[in-house]
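1 is the number of the first residue of the sequence shown in the numbering used here; add one for each residue after it.
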Amino acid sequence: MEKDLKPEQIEIVNRIVFEQIDKMQARVAEIVAETERAAHQQLQDRGIDLTDFYPANKDFLMMTIVQYLIDQVHGGDMVLAQKMITMEAKRLNINVNVEADKL
């Protein structure tokens with residue numbers, strides 16, 4: 001692939017990449033909703049009624065995806081993990097200062 005892309009090529013790349021990101025995000029949202037419905041039904045099948053809390057598990061399920069993806073990106077590099085969390089905090093315009101347990 002050429003290193004120097006023409007402006008129109010950059011436009012095409014951006015359009016395709018962002019279209020795919022939108023599709024991926026929609027699929028993830030569908031998977032979370034399907035997982036939540038399935039878990040809710042399984043609980044109901046076992047006599048556990050959490051209807052008053054439904055869809056409370058959606059946030060939990062999404063956080064497990066976030067945690068998994070963060071772990072995949074930093075791969076155990078805690079400096080990179082801290083940088084990623086700091087970048088996300090800045091994006092959200094929040095201040096986060098958490099002391100980790102020293103092993």
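Glycine included, C-beta positions come from ideal geometry on N, C-alpha and C. In this text the structure is predicted, and so the values were computed from the model without any measurement.
Host alpha helix (DSSP H) of residue i (start-end)
i, result
"Lys6", "Lys6 -> no alpha helix (DSSP H), and no H or E assigned at all."
"Ile65", "Asn57 to His74"
Residue j beta carbon less than 8 Å from that of residue i
i, j, result
"Val96", "Ala89", "yes"
"Val73", "Met84", "yes"
Helix, strand or coil at residue i [DSSP, three-state]
i, result
"Asn95", "coil"
"Ala100", "coil"
"Ile31", "helix"
"Arg37", "helix"
- [ ] Taking 8 Å as the threshold, find out whether the region 10-21 comes into contact with the region 30-44 through three or more Cβ pairs.
- [x] no
TODO: Spell out a yes or no on whether the region 16-34 and the region 53-68 are touching, meaning 3 or more CB-CB pairs, one atom from each, closer than 8 Å.
DONE: yes
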